[in-house]
Every structure is written in C-alpha cells, then in structure tokens.
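Participant: I'd like to ask you about the structure that follows.
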Amino acid sequence: MDRLALSVQNLTRTFGGLRAVDKCHLDVRKGVIAGLIGPNGAGKTTLFEVLSGLIAPDSGRIFLEGWEITHLPAHKRVSLGLGRTFQITRSLRKLQVLDNLKLAAQSQLGEDVANVWFRPRAVGEQEQLIEDKAVEMLKFLNLYELRYEYAGNLSGGQKKLLEIGRMLMLDPKLILMDEPLAGVNPSLGGEINEHVRRLKQKGLTILIIEHNVKSIMSISDVVYVMNEGKIIAQGAPESIRKDEKVIEAYLGAR
Amino acid sequence: METVLPYAATVLILVGIYALFALGLNIQWGFGGLINFGHVAFMAIGAYAMVILNLYGVPLALAILAGLAIAGSIGALLTIPALRLRADYLAIVTIGFAEILRYFLLNEGWLTGGAGGLIGFSLPLENIVPAEHYDLFLLGFIWGALLIALAALQRLAKSPWGRVLKSIREDEDVAKVLGKNVSSYKMQAFLLGSILAGFAGMMMAFYHSYVNPYYYYPIETFYAWIIVILGGSANNRGTILGALVLWTFLSGTRFLSPLVPLPDFTFAALRMALVGVLLIVLMLYRPQGILGNRRELTF
Chain X
1 MDRLALSVQN LTRTFGGLRA VDKCHLDVRK GVIAGLIGPN GAGKTTLFEV
51 LSGLIAPDSG RIFLEGWEIT HLPAHKRVSL GLGRTFQITR SLRKLQVLDN
101 LKLAAQSQLG EDVANVWFRP RAVGEQEQLI EDKAVEMLKF LNLYELRYEY
151 AGNLSGGQKK LLEIGRMLML DPKLILMDEP LAGVNPSLGG EINEHVRRLK
201 QKGLTILIIE HNVKSIMSIS DVVYVMNEGK IIAQGAPESI RKDEKVIEAY
251 LGAR
Chain A
255 METVLPYAAT VLILVGIYAL FALGLNIQWG FGGLINFGHV AFMAIGAYAM
305 VILNLYGVPL ALAILAGLAI AGSIGALLTI PALRLRADYL AIVTIGFAEI
355 LRYFLLNEGW LTGGAGGLIG FSLPLENIVP AEHYDLFLLG FIWGALLIAL
405 AALQRLAKSP WGRVLKSIRE DEDVAKVLGK NVSSYKMQAF LLGSILAGFA
455 GMMMAFYHSY VNPYYYYPIE TFYAWIIVIL GGSANNRGTI LGALVLWTFL
505 SGTRFLSPLV PLPDFTFAAL RMALVGVLLI VLMLYRPQGI LGNRRELTF
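So the sequences go chain by chain: X and A. According to this note's numbering, the stretch in the first sequence is residues 1 to 254, in order. According to this note's numbering, the stretch in the second sequence is residues 255 to 553, in order.
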C-alpha cells in the first residue's frame, strides 16, 4: 500500500441514470508516469473531478499515499500533495500571470486577515519568497517576459504552461493532468512532455489523460484504459497496444 | 436638538455612513464576487442590537462592540446554508433574509418597539460634546472611522487574502484545487462586510437618535450596490467616491424641487430614475466604474 501514490477502490459516480464512473479500481505506483486513455465519455474526466474533490463519489474509496481522502474537501487534498490541471485551461484571466502563480503557494501567512493587519512584515517577507519562487517557475516555463500580463491575454499554449506552473507551485506529490496536449502545437507538446519527464525525475507521480496515443505511449511507464466507467486494461504501453479489448473499444483496428 | 448646521455637514455624514456601508458590500461583491442583496439587514442588526442592549443598561461602548459582533456573526452564519448554492441563489437567500428581518423588527414590538421604533438610547460622548455641535462631532467620528476602515481594507485588498478572494470571484473550483478553503473565505467576507454594515447602521442610529423598521427597506441595499458599481467594483477608494457622487446628487437635486413643476413625490421618483439612467450610461461607456480596473471586470 505504501508503494502506491494513488489507490482507487470500487469508486462509483452516477449522474441520473448514467454511471460515469462504475466500480472503478485503479492503483498507481509512486514515481511513475501513468497514462489514462479511453473513448470520449469513458468517465476519465469525471474520475479526475472525483479524485480532486470537486465532485463527491456515490461510493468507493480513494487513498493518496496510503491516506484515505474519500471525504476530504478539495483544499485538504491539495495540502496532502494532490495537484491537477483542467482539460480546458482555467487560468484566472483577471489576475496577472505572476499573481496566478503566487496564489497557488501553500501556507501563506498573508491569507489570514489578522496576519495582514498585525504582522505585515512577516507577510511581506514571505510574499517576497513566494514571488522569487514564482519568478523561477516562470523562467523555467519561458513565461517570464509575460509576468505582468493578465492571464486572459495569453495564447492557448501559454495558458497550458501557466496552468502547469501554477500546479507545480503547490509542491504536489501526485499530479493529475487532463489532456495537457489538447490544442497544443507539436513543438510545445514536446516541451510539455519534457517538463513531465523532469517532474518524474524529481520523484513525482503523474497521471495523465491523453488522446494523443503516440505521445502518451511514448511517455508513460504504465497505461490504463478506461471504458464505460471501468478500467478495462492496464499494463506497459507495448502490451496495451496489442490488447484485443483495447483495440475494440478505443484504438481501432489498424 | 434644534441646531442649524451647514447642509454640507449633513450630506457628508450621509456620505460617510453609506461609504462604510458600501465598503462592506465591496468586500463581498467587489473582491469576492458574492451577490448580497440583503446587506441592509446587517445595518439593521447592528443598530438594533446596539440600541436594545443599551436600553437594557449595557454601557454604550460595550453595546457597540456587541452589536458589531452580533451583526458579523449572523452574516457569517448566513453563508452556511448559502455555501452549497451558486451565486444567484445566494442573492435570493440574502434578500429573503433581509425582508424577514424587517418584518420581525416591525412585528416583535416587545423587543424592537415595533413600528414606533426605539428612542432614548445613549449617544457617544453626548455629555461632553455640546449639543449644538453634536452633528459636527458625529461627522468627525464617522469620517475618522471611515479612514481607519479604508486603511484596513486597502491592506487586505493588496494582500494574499485579497488575491484569494479575487480567485474565488473568478473561478471557485480553481481556488479549491489550489488549496484554498473557499467556504471559509466566503464566511470571512460576510463577517467583515456585515460588521461594516452594522457599524454604518449604528452611526445612522446616532445621527437620528432613533431607530425604526422603515429605515431598512431593500432600497438601502441597492444604494450600496449603486455606490460600489459607480465607484468601481473592487476599488475601496472608488467606493467612497461613489458614495460622495450618489449623495451629492440625491441631496443636490432636492434643492431643485421648488423649480420643477411636479409634486414632491413624483420629483423624488424622477431623481431615482435619473440615477438609473446614470448607471446605464456608465455601464455603456465605463463599465468598470469611476476608479475600477477594466481588465479585472468580471461581469
């Protein structure tokens, strides 16, 4: 159990008569890049919503590094090390790029009204550290020149990078990425994959939903295939490619 | 208390009171994006709590502090049923609450004096300040409080706390997955905003030396909305400016009444209609308000 970054047991979530996630089981080992593929409507994004705490499950359990998080609110999951990005980028358009990142830093003294009023120096010092970290992140993502731009003015690809940077500001242990390559040009896609590999080297666990099969197969250590709310196959990319059920449900005959 | 005081002082007292009141709404709506259509309720709670406690023998300073605490905590508690609701429903809950409260004040005469209201409570420093200068003293007191509130809110606006509120205004789910306890921030915004409304209500009570349920019609809430939108949402200085513009307009046009061949009632309605026209024109040409930041406009 303690070798698992994420363990999902018997998880179910229905919307009316639709079983979006249906008695789903999923174990992700620590320190791997795991791909999650499957046809549209398979329940992948719903699974992410339930994992990150934005949607409550009907039944089942979720463990993050051995800790049960099934009933924890979203913000507490973040403090245990869960980070995520969205399928359609959700940058805070009305905040500057730098503020988008600074917002994400955890345990900020200045998020407490009493500290803001009565300990301005401590708040200011921490704010400077957070800003240094955010600036470093922006340089890493090649967004430094845009730091005072409102996030709404960024291009689609820049928003993807911003969202990844914002998530990394959380210092997460497990990250959930929902189609990081969707709508991204090939060279930026390569750049994003390079960032993902570097995160793995730092010891993070990464679970990625992706429809770009070639990309996800090349980057993943293990691939999970979801269909009709269930994981129907899992294994190394080569074995998944040959799996009959997967070919039928998703990859299609070549 | 038959004092002749400069008309400007009266207007500035009203500006100060409504600026404090609207600053409370600006925390909730301007920064947090929370739609509070029942802001006037907290003005009433602050005023009535202070007056009733004082009439039961609680010293004024304590009654004021208790009134602020009561207004603030009821504001915070009101967010609990509203937490599960999206924006528009919060608006319905709050306006409903304010109307229920107004009827409570009107009907529970044993506590609130009913339609007759309450009179005879202490005023701050009334034994020291000469009665003929009392309104000037109140003016200084209100504007002193306003400046302190402005300084405190400006510091919050520029702080990480203000940043979290702005993120909730734009996308609650993003704030959540960035580890922010969204419910707690909404509650804090209502707590602070309701304390300010409660304080404004007390100042109004001191100014009239009287409270009654007819001070707390929903229009008071919408004065605060007009002020915040006029001055520029999420801009505290703009809110004070908005209060100045609105009350200068409403008071100034009152002078024109003898010149206009209309009954007083019709003219009063016409003045409010003009405020509406002013707002429409503002939305067309300067939707961010006088001092607001267009690039942060969220509606």
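All C-beta atoms, glycine included, are put in the ideal place defined by N, C-alpha and C.
Which of the three DSSP states, helix, strand or coil, is assigned to X/K230?
Facilitator: strand
Participant: Does DSSP classify A/Q542 as helix, strand or coil?
Facilitator: coil
Participant: Taking X/G110 as the query, report the chain A residues whose CB atoms sit under 8 angstroms from its CB, ordered along the chain.
Facilitator: S413, P414, W415
Participant: One question on the structure: do A/N280 and A/Q408 come within less than 9 angstroms of each other, judged by their Cβ atoms?
Facilitator: no
Participant: By Cβ distance below 8 angstroms, which residues in the same chain neighbour X/T45 in space, the five residues on each side in sequence not counted?
Facilitator: Closer than 8 angstroms at the Cβ level, and outside the excluded window around X/T45, lie Q87, D178, I209.
Participant: Which same chain residues end up closer than 7 angstroms to A/L268 when comparing Cβ atoms and leaving out the 5 residues on each side of it in sequence?
Facilitator: W501
Participant: Whose Cβ in chain A lies nearer than 7 angstroms to the Cβ of X/A74?
Facilitator: K430, V431
Participant: What do you reckon, are the CB atoms on X/L82 and X/L176 nearer than 9 angstroms?
Facilitator: yes
Participant: Whole alpha helix (DSSP H) runs in the stretch 328–408 of chain A with 4 or more residues, listed along the chain?
Facilitator: 341–361, 363–366
Participant: Using a C-beta to C-beta distance shorter than 7 angstroms, which residues of chain A count as neighbours of X/A104?
Facilitator: L432
Participant: I'd like the list of long-range same chain contacts for A/L446, defined as Cβ closer than 6 angstroms, with 5 residues on each side in sequence excluded.
Facilitator: I281
Participant: Using the three-state DSSP reduction, which class does A/Y310 fall into: helix, strand or coil?
Facilitator: coil
Participant: Using a Cβ-Cβ distance cut-off of 9 angstroms, determine whether A/V514 contacts chain X.
Facilitator: False, the Cβ-Cβ gap to chain X never drops below 9 angstroms.
Participant: CA-CA distance, X/E136 and A/P541?
Facilitator: 36 angstroms
Participant: Compare the C-beta of X/R113 with all C-beta atoms of chain A and state if any pair is closer than 9 angstroms.
Facilitator: Checking the displayed sequence, the identity of residue 113 of chain X turns out to be Val instead of Arg. Chain A contact via Cβ: present.
Participant: Near A/L393, which residues of its chain fall below 8 angstroms by C-beta distance, leaving aside the five closest residues on each side in sequence?
Facilitator: A263, L266, I267, G270
Participant: Please name the residue in A/A411, A/R549, A/L533, A/R508 whose C-alpha comes closest to that of A/A523.
Facilitator: A/R508
Participant: With DSSP as the reference, identify every bridge partner of X/E131, one or two as the case may be.
Facilitator: The partner list for X/E131 (beta bridge, DSSP) is empty, contrary to what the question assumes.
Participant: What are the residues of the stretch 442–459 of chain A that lie near chain X, defined by any Cβ-Cβ distance shorter than 7 angstroms?
Facilitator: The residues in question are Q442.
Participant: Around the C-beta of A/Y272, are 16 or more other C-beta atoms found within 10 angstroms, so that it is buried, or is it exposed?
Facilitator: Taking a 10 Å sphere around the C-beta of A/Y272, we find 16 or more other C-beta atoms and assign the residue as buried.
Participant: Is the beta carbon of A/T475 closer than 9 angstroms to that of A/L277?
Facilitator: no
Participant: For the stretch 3–25 of chain X, enumerate the residues whose C-beta is nearer than 7 angstroms to any C-beta of chain A, in chain order.
Facilitator: none
Participant: Do X/L170 and X/A104 come within 9 angstroms of each other at the CB atom, strictly closer than that value?
Facilitator: yes
Participant: Count the C-beta pairs between the stretch 284–299 of chain A and the stretch 342–350 of chain A that are closer than 8 angstroms, then say yes if the count reaches three, no if not.
Facilitator: yes
Participant: Could you check how far apart the C-beta atoms of A/F444 and A/G329 are, in whole angstroms? I think they sit under 8 angstroms.
Facilitator: With a Cβ gap of about 4 angstroms, A/F444 and A/G329 count as contacting.
Participant: Using DSSP with H/G/I as helix, E/B as strand and the rest coil, what is X/Q108?
Facilitator: coil
Participant: Within a Cβ cutoff of 8 angstroms, which residues of the same chain sit near X/K163, ignoring the five residues on either side of it in sequence?
Facilitator: Going by the sequence as given, residue 163 of chain X is Glu instead of Lys. Closer than 8 angstroms at the Cβ level, and outside the excluded window around X/E163, lie T85, F86, T89, R90, S91.
Participant: Taking its Cβ as the centre, do 16 or more other Cβ atoms sit within 10 Å of X/D99, making it buried, or is it exposed?
Facilitator: buried
Participant: Please state whether the Cβ-Cβ distance between X/L204 and X/G17 is less than 9 angstroms.
Facilitator: At least 9 angstroms separates the beta-carbon of X/L204 from that of X/G17.
Participant: For the putative contact between X/G165 and X/L143, defined by C-beta atoms under 8 angstroms, what is the C-beta separation to the nearest angstrom?
Facilitator: 7 angstroms
Participant: Could you please tell me which residues of the stretch 379–403 of chain A, in chain order, have their CB closer than 8 angstroms to any CB of chain X?
Facilitator: none
Participant: Is there a Cβ of chain A sitting closer than 9 angstroms to that of X/W117, yes or no?
Facilitator: yes
Participant: If contact means a Cβ-Cβ distance below 9 angstroms, which residues of the stretch 124–141 of chain X contact chain A?
Facilitator: Correct list: Q126, E127, I130.
Participant: Using beta carbons (cut-off 9 angstroms, strictly below), is A/M255 in contact with chain X?
Facilitator: With a pLDDT of 41 at A/M255, under the threshold of 50, the modelled position of this residue cannot be trusted; read the value that follows with caution. With its beta carbon at least 9 angstroms from every one in chain X, A/M255 lies outside the interface.
Participant: Could you work out which residues of chain X lie near A/N558, taking near to mean beta carbons separated by less than 7 angstroms?
Facilitator: Absent from the model: residue 558 of chain A. The displayed extent of chain A is 255 to 553, so no value can be given.
Participant: Got a sec? Which residues, its chain only, sit under 6 angstroms from X/I232 by beta carbon, not counting five neighbours each side?
Facilitator: V225, K245
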